[in-house]
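Here the structure comes first, spelled out in structure tokens, and everything after it is commentary.
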Amino acid sequence: MKFVDPSIQNSGLNLDNNLLLGWQKTILKLARRPKHPDFPRMNLHERVKLIMAQELANVVKLWQVFTSERQNINRYLNDPKKQAVAYLLGFHVANMARVTMLMERAKTRHPLSEYLKANKLPTELYDFGCGTGAMSIALADFLFKQGVRTSELKVNLYDLRKAFVDTAAVGFAETFADEIKLRTEKNSVDIVFQNLKKINAKAKEKRLQIFALGYVWNELLRHRASQRFFKELLQQVVTLGQHAMVVVVDAANQNIARETMMLRDELVAGGWQALYPCPHSLACPMLERSRDWCYSEARWDLPPLQKRLDMKLEINHQVFSTGAYLLVSPAVAKDMRMGKPKPIVVGRPLKKDTQKKPKGELSYLLCSDQGLSKTPAKSLENLVLRGEEF
Ligand SMILES: C[S@@+](CC[C@H](N)C(=O)[O-])C[C@H]1O[C@@H](n2cnc3c(N)ncnc32)[C@H](O)[C@@H]1O
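Right under this line is the structure:
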């Protein structure tokens with residue numbers, strides 16, 4: 127029997143052109159200009175292609191640091207301007223795809239769009255450890271598509287490194303036609319969380335706060351105090367009955383994914399409601415099994431420049447993975463009248479299983495409010511991926 131690898135199937139997520147154009151214009155603005163005689167006559171795509179070739183060694187190095195030499199990260203980030211461009215070239219688009227997948231899936235399962243349209247609340251978006259702004263730029267794009275007006279949105283960008291907050295600010299200016307209210311702050315998130323807690327305690331105006339953490343929770347594992355301050359900030363939101371959402375995107379590997387699952391569990395225990403990926407807000411049944419972990423997968427129609435980069439880095443984002451979560455405060459959940467999603471795929475047949483097991487033994491692992499259950503995989507074509515409804 128032939129196994130159809132999901133990665134060769136198409137019809138995946140498509141990132142909007144405005145996000146890709148904004149990304150390219152940001153690169154053009156911030157990267158060193160290649161000394162190619164035809165550069166001034168090239169179109170945007172050709173120019174970025176040339177810049178990508180010029181900066182490839184930096185991107186490869188950054189990739190290695192993030193994937194296998196994480197302990198060297200601080201030493202590597204000694205030249206933040208160079209690294210901001212490398213991050214923009216190597217990671218930014220894939221992270222925009224991850225957060226877009228998360229919001230789009232949550233939107234099909236719950237009346238998220240209707241909530242945003244009906245409430246018309248002033249919205250504060252906080253991007254903690256913003257890097258090049260992948261999370262907040264993709265989130266702002268999502269919010270605008272749901273009818274949030276530019277005048278209703280304020281974006282707050284925080285990072286330890288000034289070069290990163292500056293890059294994210296350029297990203298906003300190059301992506302959106304209207305000027306967006308932006309606040310940038312070079313600061314450590316532990317201080318930011320504590321400051322926001324003080325501000326929130328006095329907040330009078332009704333507003334929606336969106337707290338975003340993209341590939342930062344794993345960096346805070348060594349700073350437990352920062353994690354505690356974040357949880358305290360979110361607990362205060364519940365106590366004060368404020369409208370808020372938490373968006374967390376992080377790595378899909380066992381250690382980090384389980385840390386993110388634990389954050390999700392603590393938040394639901396404190397009253398937050400899970401919109402994605404979980405079809406319930408009970409304790410996570412996968413955390414009870416020490417060798418299990420939950421993450422999401424999506425098929426992605428890669429833009430040509432990402433395809434090119436994937437080839438150079440010998441990776442494949444056609445099916446990407448991420449530990450991605452969207453939770454809302456009880457006040458939002460009450461106004462939204464949340465949907466009741468179908469069971470969610472948290473395990474699926476893998477290629478190696480098909481070689482070892484007969485077809486009848488291949489199964490999906492599903493998560494629902496009844497806990498975990500197995501169901502046979504009738505076909506190995508068009509596999510349902512992790513994080514999708516079954
Ligand atoms: C892996 S990058 C992720 C960037 C971006 N959020 C994304 O999703 O693409 C992590 C970022 O967090 C920042 N960072 C790490 N620890 C931080 C801290 N304690 N306070 C503020 N920023 C931090 C780093 O400088 C870096 O820009």
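The opening residue of the sequence shown carries number 127 in the numbering used here; numbering runs sequentially from there. No residue lacks a Cβ here, since even glycine has one placed at the ideal position from N, Cα and C. Just so you know, these numbers come straight off a predicted model, no measurement behind them.
Leu-439 versus Pro-163 - alpha carbon distance: 27 Å
Contact test: Met-261 Cβ vs ligand 1 heavy atom, cutoff 7 Å: yes
Which listed residue (Leu-347, Phe-319, Tyr-341, Ala-377) has its alpha carbon closest to that of Val-363: Phe-319
Residue from Val-274, Asn-442, Met-387, Val-394 with nearest C-alpha to Arg-415: Met-387
Endpoints, alpha helix (DSSP H) assigned at Gln-190: Where Gln-190 is concerned, the enclosing alpha helix (DSSP H) stretches over 170-193.
Three-state secondary structure assigned by DSSP to Phe-165: helix
Contact test: His-443 Cβ vs ligand 1 heavy atom, cutoff 7 Å: no
Straight-line Cα distance separating Asn-344 from Phe-192: 11 Å
Proximity of Arg-167 and Gly-513 at Cβ, strictly below 8 Å: For Arg-167 and Gly-513, no; Cβs fall outside 8 Å.
Glu-385 versus Asp-495: straight-line alpha-carbon distance, rounded: 21 Å
Straight-line Cα distance separating His-171 from Leu-393: 43 Å
As assigned by DSSP and simplified to three states, the class of Trp-426: strand
Per-residue DSSP class, three states only, for Pro-248: coil
Three-state secondary structure assigned by DSSP to Leu-389: helix
For Gly-297, the first and last residue of its enclosing alpha helix (DSSP H): 288-301
Completely contained alpha helix (DSSP H) runs for the stretch 291-361, where each covers 4 or more residues: 315-328
Near ligand 1: Gly-340 beta-carbon under 7 Å from a heavy atom: yes
Asn-136 classed as buried or exposed, judged by whether at least 16 other C-beta atoms fall within 10 angstroms: Residue confidence for Asn-136 is low, a pLDDT of 46 falling below 50, so the modelled location carries little weight; the figure read from the coordinates is stated next. So Asn-136 ends up on the exposed side.
Check whether Glu-305 and Pro-248 have beta carbons under 8 Å apart: no
Assigned exposure category for Glu-423 - 16 Cβ within 10 Å defines buried: In this structure Glu-423 is buried. Its beta-carbon is surrounded by 16 or more other beta-carbon atoms within 10 angstroms.
Bounding residues of the beta strand (DSSP E) (the contiguous stretch that carries Lys-233): Counting along the chain, Lys-233 falls outside any beta strand (DSSP E), though it belongs to the alpha helix (DSSP H) covering 218-235.
Asn-221 Cβ short of 7 Å to ligand 1 heavy atom set: yes
Spatial distance of Met-229 from Ala-266 (CA atoms): 11 Å
Closest residue to Phe-426 among Cys-420, Asp-418, Asp-436, Trp-398 (Cα-Cα distance): Per the sequence presented here, residue 426 reads as Trp, with Phe not at that position. Considering only alpha carbons, the answer is Asp-436.
Nearest candidate by alpha-carbon position, reference Ser-277, set Leu-308, Leu-283, Phe-290: Closest option to Ser-277, Cα to Cα, is Leu-308.
Extent of the continuous beta strand (DSSP E) to which Ala-370 belongs: Element bounds for Ala-370: 369-376.
Given 8 Å, three or more beta-carbon pairs between the stretch 254-273 and the stretch 173-186: no
Under the three-state DSSP convention, the category Leu-139 falls into: strand
Test item: CB-CB of Glu-515 and Pro-467 under 8 Å: yes
Span of the alpha helix (DSSP H), counted from its first residue to its last, around Asp-418: Element bounds for Asp-418: n/a, residue is neither H nor E.
Residue range of the unbroken alpha helix (DSSP H) whose run includes Ile-441: That residue, Ile-441, is in no alpha helix (DSSP H); it is neither H nor E in DSSP.
CB of Phe-302 within 8 Å of CB of Val-281, strictly: no
Where Ala-457 sits in the DSSP three-state scheme: DSSP places Ala-457 in helix when its eight states are reduced to three.
DSSP three-state assignment for Ser-277, whether helix, strand or coil: helix
CA-to-CA distance, Ala-327 to Pro-429, given in whole angstroms: The straight-line gap from Cα to Cα measures roughly 44 Å.
Contact test: Phe-356 Cβ vs ligand 1 heavy atom, cutoff 7 Å: Not so, every heavy atom of ligand 1 lies at least 7 Å from the Cβ.
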